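K.L.:
In mature numbering (1 follows the signal peptide of the UniProt record, and there is no 0), the protein residues as written are -19 to -1, 1 to 157.
1) Is residue 19 helix, strand or coil when you go by DSSP?
2) Can we say the stretch 139 to 151 touches the stretch 21 to 29, given the rule of at least three CB pairs closer than 8 Å?
3) Count the CB pairs spanning the stretch 117 to 124 and the stretch 79 to 99 that are closer than 8 Å, and state whether there are at least three.
4) Quick check on the DSSP output: what are the complete alpha helix (DSSP H) runs of length 4 or more inside the stretch 69 to 111, in order along the chain?
5) Given this structure, state the Cα-to-Cα distance separating residue 151 from residue 30, to the nearest angstrom.
6) When you compare only the Cα positions, how much space is there between residue 12 and residue 83?
7) Spell out a yes or no on whether the stretch 69 to 82 and the stretch 47 to 59 are touching, meaning 3 or more CB-CB pairs, one atom from each, closer than 8 Å.
8) Using DSSP bridges, identify the partner residues of residue 48.
9) With a threshold of 6 Å on Cβ separation, who are the neighbours of residue 100 within its own chain once the five nearest residues in sequence on each side are excluded?
10) Helix, strand or coil for residue 117? Go by DSSP, reduced to three states.
11) Below 8 Å on the Cβ atoms is my guess for residue 135 versus residue 153; work out the distance and round it to an integer in Å.
12) Can you name, in chain order, every residue of its own chain whose Cβ lies under 6 Å from the Cβ of residue 4, other than the five neighbours on each side?
13) Note down the Cα distance separating residue 33 from residue 60, rounded to an integer number of angstroms.
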């Protein structure tokens, strides 16, 4: 998984380096829908979405949600956990600073703050299980990402960092 993350990041950087007015502007409404390529927990595929609004030429603010659930068992035990993340996020878009003049490329980094709900169910086990390792509460996230728009309003994105229940998210980006 680490090699895949490095490969995807290298691909993205090569797109940026070959870039020739960035794909982000004040007033843009941005929607990302994607999956996590890994999980902080013991399995499952994280699904997430974020929506942001461009408040300045370089800063967007918005909300995000993330869902992960996994059921597994063995040795007479059945376990299931569900993690839900809801929060706010803000991103700084580096296109102006880095002089990226390609209408298809958007490079950004940001922070998030929100609430994580973690639920654990087991059918037979009397111990603490994952309940002692993970819990509900406030979370803080930090990320770096980029988008490449295939059309004026639809593209792909890659985000690295703490974006919910994963540290690598890949998906579809929409601009309205």
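Every residue gets a Cβ at the ideal spot worked out from N, C-alpha and C, and that includes glycine. As the structure is a computational prediction, the values presented were derived from the model and not from experiment.
P.N.:
Reading from the atomic positions:
1) coil
2) yes
3) yes
4) none
5) 11 Å
6) 20 Å
7) no
8) 28 and 65
9) 63
10) coil
11) 7 Å
12) 84, 85, 86, 87 and 130
13) 36 Å
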